[in-house]
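Asker: This is the structure, below, for whatever I ask next.
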Amino acid sequence: AMLRLLERCSMTLKMLVPQLQSIFLKNLQDPTRTVRRRAQFALGELMKIHPRPEPVFIELVSVCLKAEVAGSRASALEALLLASINAKSLPHSATTSVPAAMLLCVQDGEEEVRNAAGATLGKFCKRIAEPEDIAEILNRAIHIDGESSEQIGGRLFGVSSVLQECSTVDGLTAKIGEHLDKSVILGVVDESFSSREASVREKNAIAAAELYCLFGEQSLLKSLSNAIESDPGVDVRLAALKGARRCGSAPTNAVPELIAAVTAAAHQKNTMIKYVADKALRGLFLDETGGERSGAYEAAESVLAPDKYEWLGERISKLQSTPESDGE
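When you number the sequence shown by my numbering, it's gap-free, plus one each residue, and the end is 328.
Structure representation (structure tokens):
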């Protein structure tokens, strides 16, 4: 009921902000998932009218790092994500405390916590919008010690989440790239494609796509192509196909390196692989309006056999005439 009141008449509750803040923060540590979920959304709404958001950020960071109730840390991270989006301004202290906490949480032993931390880090960095500060956060993520699959995969997910979010702000990722330790981050990604852990390779494929869009490094496309064609993990191949789709929006034409692998994937019996491969084809050949990307067909013709190229043309035409929401 309180959540609905906040959504509909938040300004009338402004005098009660301190009390509501205490209630919602307490409920984040409730053993019941439904209660925690309502509390995280309520805190998100409360931040729209909160005159002093700093105490909320401080408390949320504390819960993220110290909560003992199962699920509370993930709920606090979700609340922190909403707070990062809805707060009228970010407190200065939060610009250092939140990223530091997220860099710890993306390496947590619980997958739910790692995923929530990565998503929150992305949204938060987008609000910071200071290229040098964001690059410093990413450089710290890559240089953190820790070799478990959870730690490496979590850090890679954090990097890709930040770059993906910041790519929606014109020119921001390019400025971030100017301050990134490029050789180190590309070295970590290259090495992680050979990890024994499928979870690391999966997160790595998404990170590789974001880094290709940033740097245009051709070796990343080769690694994605190899993952699509031969990785033993289905989830890794799906992630690489999603990465291939993302590469379609990069300034540099990604078709020559990826098209053979994506076309082969679109012929496979596994229905999920075929479905995601179709999405990758759409991303590589069609722009946001459904029009053809310049140079894509010419690039495909140069690397595909005539029969494969003919099939590709027919497939792209079908995709072009089918709304994506209807499935492929």
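All residues carry an ideal CB built from backbone N, CA and C; glycine is no exception. Since the structure is predicted, the reported quantities are computational estimates derived from the model, not experimental observations.
Measuring alpha carbon to alpha carbon, tell me which of 197, 97 and 254 ends up nearest residue 224.
Answerer: Per the Cα distances, 254.
Asker: Look up residue 330 in the DSSP assignment and give the residues it is bridged to.
Answerer: Any property of residue 330 remains undetermined from this structure, which presents the chain solely from 1 to 328.
Asker: DSSP three-state label for residue 328, please.
Answerer: Its pLDDT being 45, under 50, residue 328 is placed unreliably in this model, and the coordinates cannot settle the point.
Asker: Just mark residue 47 as buried or exposed, buried being the case when its beta carbon has 16 or more other beta carbons within 10 Å.
Answerer: Buried is the call here.
Asker: Please say whether residue 245 and residue 330 have beta carbons closer to each other than 7 Å?
Answerer: The displayed coordinates of the chain run from 1 to 328. Any statement about residue 330 would go beyond what the structure contains.
Asker: Please classify residue 110: does DSSP put it in a helix, a strand, or coil?
Answerer: Three-state DSSP puts residue 110 in coil, outside helix and strand.
Asker: Could you tell me which whole beta strand (DSSP E) segments of length 3 or greater appear in the segment 216–295?
Answerer: Listed in chain order, there is nothing to give.
Asker: Might you give, ordered along the chain, the residues of its own chain that have their beta carbon closer than 7 Å to the beta carbon of residue 235, omitting 5 neighbours on each side?
Answerer: The answer, listed in chain order, is 198 and 202.
Asker: Beta-carbon within less than 8 Å of residue 36's beta-carbon, same chain only, minus the 5 sequence neighbours each way: which residues are those?
Answerer: Result list for residue 36: 27, 28, 29, 30, 71, 72 and 75, in chain order.
Asker: Nearest to residue 137 by CA position, among 156, 147 and 150, is which residue?
Answerer: For the residues 156, 147 and 150, the minimum Cα distance to residue 137 belongs to 156.
Asker: In this structure, does DSSP put residue 29 in helix, strand or coil?
Answerer: The answer is coil: DSSP assigns residue 29 none of H, G, I, E or B.
Asker: Can you tell which of 103, 182 and 52 has its C-alpha closest to the C-alpha of residue 86?
Answerer: The candidate whose alpha carbon is nearest that of residue 86 is 52.
Asker: For the alpha helix (DSSP H) that contains residue 157, what are its first and last residues?
Answerer: That run of the alpha helix (DSSP H) goes 149–166.
Asker: Whole angstroms is fine: what's the gap from residue 168's alpha carbon to residue 262's?
Answerer: So the two alpha carbons sit approximately 26 Å from each other.
Asker: Given a cut-off of 7 Å on the beta-carbon distance, is the pair residue 162 and residue 104 in contact?
Answerer: No; because the gap between Cβ atoms is not below 7 Å, this pair is not in contact.
Asker: Note down the Cα distance separating residue 268 from residue 274, rounded to an integer number of angstroms.
Answerer: Residue 268 and residue 274: Cα-Cα distance of roughly 6 Å.
Asker: Beta-carbon within less than 8 Å of residue 142's beta-carbon, same chain only, minus the 5 sequence neighbours each way: which residues are those?
Answerer: Counting only Cβ-Cβ distances below 8 Å, and skipping sequence neighbours, we find 155, 159, 181, 184, 185 and 188.
Asker: Taking the straight line between their C-alpha atoms, what separation do you get for residue 17 and residue 59?
Answerer: So the two alpha carbons sit approximately 15 Å from each other.
Asker: In the structure shown, what three-state DSSP assignment does residue 195 receive?
Answerer: Residue state, collapsed to three classes: coil.
Asker: Using beta-carbon positions only, say whether residue 40 and residue 78 come within less than 7 Å of one another.
Answerer: Closer than 7 Å, so yes.
Asker: Where residue 326 and residue 32 are concerned, what is the direct C-alpha to C-alpha distance, given to the nearest angstrom?
Answerer: Because residue 326 sits at a pLDDT of 46, beneath the cut-off of 50, its placement in the model cannot be relied upon, and the following sentence gives the value as read from the coordinates. Approximately 37 Å, taken between the alpha carbons.
Asker: Ignore the nearest five residues each way along the sequence and tell me which others in residue 309's own chain have a CB closer than 7 Å to its CB.
Answerer: The answer, listed in chain order, is 300 and 301.
Asker: Mark residue 89 as exposed unless 16 or more other C-beta atoms lie within 10 angstroms of its C-beta, in which case mark it buried.
Answerer: Exposed, by the Cβ-count rule.
Asker: Residue 123 to residue 306, Cα distance in whole Å?
Answerer: When rounded, the distance between both Cα atoms is 45 Å.
Asker: Do you know how far the Cα of residue 298 is from the Cα of residue 95?
Answerer: Answer to the nearest angstrom: the Cα atoms are 46 Å apart.
Asker: When the Cα of residue 205 is compared with those of 81, 243 and 50, which residue comes out closest?
Answerer: Considering only alpha carbons, the answer is 243.
Asker: Terminal residues of the continuous alpha helix (DSSP H) containing residue 73?
Answerer: 72–86 is the span of the alpha helix (DSSP H), which, as asked, contains residue 73.
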